[in-house]
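Participant:
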Amino acid sequence: MEERDYNKLLTQLVAGEIDELIIEQPEFLLFRESWNTHPKRKEIVGEAGLGGKIVYRFQP
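Residue numbering for the sequence shown follows the numbering used here, starting at 444 and increasing by one per position.
Written as structure tokens, this is what we have:
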């Protein structure tokens, strides 16, 4: 699995350029580093799905 730019993806999510961000279990720890330092972290909400997938959406 290639590494993604999570800071860029989170910025796109907050800006409304994308509706949701799907994170797979193997990439969660890398994603979490970016998510924890994001200024709107509390408004970026994850919903756990089957198979270790988490769907993040921006809820202002």
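Cβ atoms here follow ideal geometry from the backbone N, Cα and C, with glycine treated the same way.
1) Can you give the Cα-Cα distance for E463 and E476, rounded to whole angstroms?
2) From the DSSP output, in three-state form, read off E490 for me.
3) Using a Cβ-Cβ cut-off of 6 Å (strictly less than) and excluding sequence neighbours within five positions of I497, which residues of its own chain qualify?
4) What are the boundary residues of the alpha helix (DSSP H) that R389 is part of?
5) Any idea what DSSP makes of R500, helix, strand or coil?
6) Once the 5 residues before and after E486 are set aside, which same chain residues still bring their CB inside 7 Å of it?
Facilitator: From the atom records:
1) Reading the sequence shown from its first residue, position 20 is the one you call residue 463. Reading the sequence shown from its first residue, position 33 is the one you call residue 476. Using only the alpha carbons, I get a separation of about 18 Å.
2) For the purposes of this step, residue 490 is taken as residue 47 along the sequence shown, with counting starting at 1. Looking at E490 - three-state DSSP - the assignment turns out to be strand.
3) Locating residue 497 in the sequence shown gives position 54, where the first residue counts as 1. Correct list, in chain order: I466, G489 and A491.
4) The structure shown does not extend to residue 389, since the chain spans only 444 to 503, so no value can be given for it.
5) Taking the first residue of the sequence shown as 1, we reach residue 500 at position 57. Of the three classes helix, strand and coil, the one that applies to R500 here is strand, per DSSP.
6) The residue you call residue 486 lines up with position 43 of the sequence shown. The residues are F501, Q502 and P503.
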